[in-house]
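Same order as they appear, the protein sequences are chains A and F.
FYI, the numbering for the first sequence is 2 to 338, going by this note's numbering.
FYI, the numbering for the second sequence is 24 to 364, going by this note's numbering.
Even for Gly, the Cβ is constructed at its ideal location relative to N, Cα and C.
If you're wondering where the values come from, they're calculated on a predicted model, not measured in any experiment.
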Amino acid sequence: MTAFIERRPFWSFIILVAAALLVWAIFAPWPSGLTGLIGKKKVFLSALFNGVTLGALYFLVASGFTLIFGLMKNVNLAHGSLYMLGGYIGYEVADFTGWWILSFIAAFVVVGALGIILQYVVFRRMEGEDLKQTLVTIGISIVLADLMLWVWGGDFYQILAPDWLSGPITLPLVTAVKSSGQVVFLKYPIVRIVILIASIAIGILMWLALNKTRIGMLIRAGVDDREILSATGVRIQRVFMLVFAFGAGLAGVAGVVGGTFQSIAPGEDTRFLLASLVVVIVGGMGSIPGAALGAVVIGMAEQFGSVYFPTYSVVLTFLIMVLVLAFRPQGLIASGR
Amino acid sequence: MTDWDLRRIPSAYWVVGALLLMMPAISSNFILFSIFGWALILGMIALSLMFLGGYGGMVSLVQMTVAGVAGYMTAILGDSAIDAISLGWVWWLAVPVAILIAMVFGTLSGALAVRTEGIYTIMITLAIATAFFYFARQNYVVFNGFSGFNQILAPEAFGVNWRNPVAFYYLALFFAGLAYFAVLYVSRSPFGLALQGIRDNPRRMAALGFNVTAHRIAAYTFASLIAAVAGVLLVWQTSSISPGAISVGPAIDILIIAVVGGLRHPVGPFIGAIIFVLLRTFALDALVAVGLAGERFQLLIGIGFLVIVFWSSDGVLGLWQRWRDRAGRTDPLTGQQKDAG
C-alpha cells in the first residue's frame, strides 16, 4: 500500500479524492443543486447498491473461471453453462424441498461433480492445447444448452427466497430530507444484502484458503510452475481436479444466487460467460483480487449505465474493457506472470 | 507468374469448377439460392476466419460481426423498408462505403485483439462480437433495435436483376471464387509468408525486422474485406438483417464451419459451409423422419462438432489427409504427414 503511494503519488491522490467524494455522496444529504444536475440521491444510491450486488454475483461466477484458468491454463467456455445448470438445479431442489439453503449445497455438489468429469474426461487429455480446449468446450456448451432447453424449456424460472429474507430493510443512509424536516432512509431488499455479504465472505475465505493453507500453497505453486511442483512429488492431477470441482461448484452456487435475485432462462449462459470474460480481462487473468475488482467495476458500470444512459450501458462496459486493454493489457491487477 | 500454363492447374479444379458453373442447369431455384447461395456466403465468412486462424494463428470470432456491420451499413445507407433510417443511396455508392466501414471496424477490432495472444484473442473477439450485438439490439436511432431492417433487396444493375436465383448464385459464386483465389494468392505472397512465419515464431520474425503487429493488423484488414463482401451478399440473400443474425450463436457457427471444414486450406471453410447448410436445412426433416423431435437440431450439430474436434482438430480436411496417407503408400515423398496432431 505505502509502496504504491510512494511509486504513484499522483494516482494515489486521485484515487483518494475519488474515494472521499464517493463516501461523501453516500453519507451526506445532497444539496439541491447536485440533485438538479444528476437526479435524486435515491436513484444514485440504489444504482450503487445494485452495482455492488451485481458485482458480487459476477465475482462468484468469474472467480471460478479465473481460478481454473490461472492454475491450469484451461479455457472453459462452458463456464456459463455450468452457471445455468446450477440455477436450474437450485430451482428444482428449492421447489421440491422448500429449503433455499439446500439448493446451494445441491448446486455446488452436482455442478462440482460435473466439473470433475469435465477435467477428467476432457481437459486432462488436451493440456496446453488452447484452441482444441476452446472448441471442445464450445461444443459442450452448445450440447448442454440444448439439453437444458429440452428439460426445462424456454420459460423463466425464479428461485424464491425464504420468508425471513424477503422484503426490504431500512439502511441507515439518508436519501433525502423532506421539507417538514423528516429524514428519509434508504430501503433495500434484504436478500441482496445477504448475497453481498455472503459473496464477500466467500471471497475472503478463498483468499485465506489460497494464502494460509497447505492446499492453497500447492495451488499457488502450481500457478507459478507446475512442472517443478509435480517433480516434487505432488499429485498435481488431484490438485487440478479439486480446483476444477471448486471452480465449477462456485459457478453452480452463482447460478442459484442469480436465479434468486434475477431469473434463469435460456441465453443466460452466454450472458454470464461474456460477463466472466470481461471481468477477468478487466481484472487480470488468474487473479482472485483481480476478479473481485473487475466484477465490481463491471457491475457498477452496468448499473450506472442503465440508470444514467440506458441505451448505451453495454457500450460503457465495452469501453472499460477497451481502455484496460489499451493501457493495461495484463488487467488491472495482474497476477504478475 | 508469366509462365501461366493451363496444364499446371490440378484436375480437381476443372471438375469442381465445371460442376459449380453448370449447377443452374441441374438444380432447382431453391437449391441454388437457399443452399448454394447461403453456403457460398457462409463459406466466405468462414474463409476470412480461416485466413486469420490458419495463416495468422489468430482465431477471431469477430468475423460474423464484420459481415453484420457491412450488412447493417448496406441497409442504413441503401434502401430498406425502414424509410425513417435508410438513406436510400444508390447501390454503387452504398455498397463500397458499407464495405469500407466494415473494414475499418474489422481493423480496429483486430488492432485491439492483436494486443493479446492465443486464447485471449478468442475471448476478446467474442466480447467485441457480443458487445456489438447488444449495442445493435438496444440502439433504435441507427440500428433500429430488436427488429432490425427488412426488404433490403439486391439491385438491378448492368441489365441483370440480381434478385433472380440464377443471377444471385453466379454473383455469390464469383465473389466466393475471387475470395478463395485471393486468399490462396496472398498466402503465397511475401506478406502471407511473413504472416505464417509470425504464426510459427513471432519473436524470431520480430528479430528479423518484421513488424509483427502491423502484419497481424493487416491480416485483419484483408480478412475484414472478405467478410464484409460476404456480409453485403448475405443481407441481399436473406433481404433482412437483425441483431439475431450477429449474436453469439451465428458467430460460433462460423467458427464451427471453419473448424469442421479444416483450417489448413482455403477450401476447408466451403466444405464446412456446405455441410452446415445441408444439416441446417434438412436435419429437421431427417430428425422428424426417424421419430425424434425436430427442435433437437442444435444438439445434433453440437455433438457432431464435438466428435469432429475431439478426434481430428483439422476437421474434414484432416480426415481426408489421414485417409490419403493411409491409402496412398505409393507416394513416399509427399505422402508423409509432417505435423500430425
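Short Cβ contact (8 Å threshold) for residue i with residue j
i	j	result
valine 189(F)	leucine 322(F)	no
glycine 291(A)	glycine 332(A)	yes
leucine 244(F)	isoleucine 58(F)	The sequence given here places threonine at residue 244(F); leucine does not occur at that position. Cβ distance not < 8 Å, so threonine 244(F) and isoleucine 58(F) don't count as in contact.
glycine 81(A)	phenylalanine 328(A)	no
valine 206(F)	phenylalanine 293(F)	no
valine 350(A)	isoleucine 142(F)	The structure shown does not extend to residue 350(A), since chain A is modelled only from 2 through 338, so no value can be given for it.
leucine 197(A)	threonine 153(F)	no
valine 283(F)	phenylalanine 328(F)	yes
alanine 162(A)	threonine 261(A)	yes
leucine 65(F)	leucine 196(F)	no
threonine 130(F)	serine 212(F)	no
alanine 150(F)	isoleucine 282(A)	yes
alanine 108(A)	valine 257(A)	yes
alanine 237(F)	glycine 76(F)	no
serine 13(A)	phenylalanine 157(A)	no
valine 255(F)	valine 118(F)	yes
methionine 127(A)	tyrosine 89(A)	no
proline 47(F)	tyrosine 208(F)	no
glycine 253(A)	glycine 113(A)	yes
Own chain partners of residue i with C-beta closer than 7 Å, once the 5 adjacent residues on each side are dropped
i	result
tryptophan 61(F)	Gln260, Val300
methionine 24(F)	With a pLDDT of only 46 at methionine 24(F), under 50, the local geometry of the prediction cannot be trusted, and the value read off the model is given with reservation. Around methionine 24(F): no qualifying Cβ.
serine 210(F)	Tyr78
leucine 55(A)	Gly300, Glu303, Gln304
valine 235(A)	Leu219
serine 104(A)	Gly91, Val94, Ala95, Ile160, Val257
leucine 110(F)	Ile99, Leu100
glycine 168(F)	Arg160, Gln161, Asn162
Secondary structure of residue i, DSSP reduced to three states
i	result
alanine 79(A)	coil
threonine 233(A)	coil
glutamate 179(F)	strand
proline 225(F)	helix
threonine 214(A)	coil
asparagine 167(F)	coil
lysine 74(A)	coil
serine 262(F)	coil
asparagine 51(A)	helix
asparagine 234(F)	coil
proline 267(A)	coil
leucine 286(F)	coil
threonine 171(A)	strand
valine 185(A)	strand
proline 33(F)	coil
proline 47(F)	helix
asparagine 52(F)	helix
proline 1(A)	Missing from the structure shown is residue 1(A); chain A here goes from 2 to 338 and no further.
phenylalanine 157(A)	coil
proline 292(F)	helix
proline 190(A)	strand
Enclosing alpha helix (DSSP H) for residue i [first to last residue]
i	result
isoleucine 117(A)	101-118
glycine 60(F)	Here glycine 60(F) belongs to no alpha helix (DSSP H), and DSSP marks it neither H nor E.
valine 306(A)	Reading off the sequence, residue 306(A) comes out as glycine, not valine. Note, glycine 306(A): alpha helix (DSSP H), 289-309.
tyrosine 192(F)	188-211
proline 119(F)	114-136
threonine 139(F)	Taken as a continuous stretch (DSSP letters only), threonine 139(F) belongs to no alpha helix (DSSP H), as it is neither H nor E.
isoleucine 331(F)	320-334
isoleucine 269(F)	Segment: none, isoleucine 269(F) is in no alpha helix (DSSP H) and carries neither H nor E.
6 Å Cβ shell around residue i - same chain, five flanking residues per side excluded
i	result
arginine 338(A)	Residue confidence is low: arginine 338(A) scores 41 on pLDDT, short of 50, so the model does not pin down where it sits. Its coordinate-derived value is still stated next. Taken in chain order, the list of residues that qualify is empty.
valine 92(F)	Ala125, Phe128
tyrosine 203(F)	Pro289
alanine 250(F)	Ile68, Ser71, Gln86, Val89, Ala90
threonine 171(A)	Phe186, Lys188
glycine 116(A)	Phe245, Ala246, Ala249
arginine 8(A)	none
Chain-order list of residues whose beta-carbon lies under 8 Å from that of residue i (same chain, five-residue window excluded)
i	result
glycine 204(A)	Phe60, Ser64, Ile289, Ala293
valine 252(F)	Met67, Ala93, Ile122, Phe198, Ala202
serine 142(A)	Leu78, Ala79, Gly81, Ser82, Asp270, Leu274
alanine 210(A)	Ile216, Gly217
leucine 116(F)	Leu100
leucine 326(A)	Ile282
### Stretch pair the stretch 168-179 of chain F + the stretch 252-266 of chain F: three plus CB contacts closer than 8 Å
A contact exists between the stretch 168-179 of chain F and the stretch 252-266 of chain F.
### Query
Counting Cβ pairs, one atom from each stretch, are 3 or more of them under 8 Å apart for the stretch 149-167 of chain F and the stretch 314-321 of chain A?
Touching, per the Cβ criterion.
### Message
Measuring CB atoms only, is the stretch 188-197 of chain A touching the stretch 131-141 of chain A, in the sense that at least three cross pairs come out at less than 8 Å?
### Response
no
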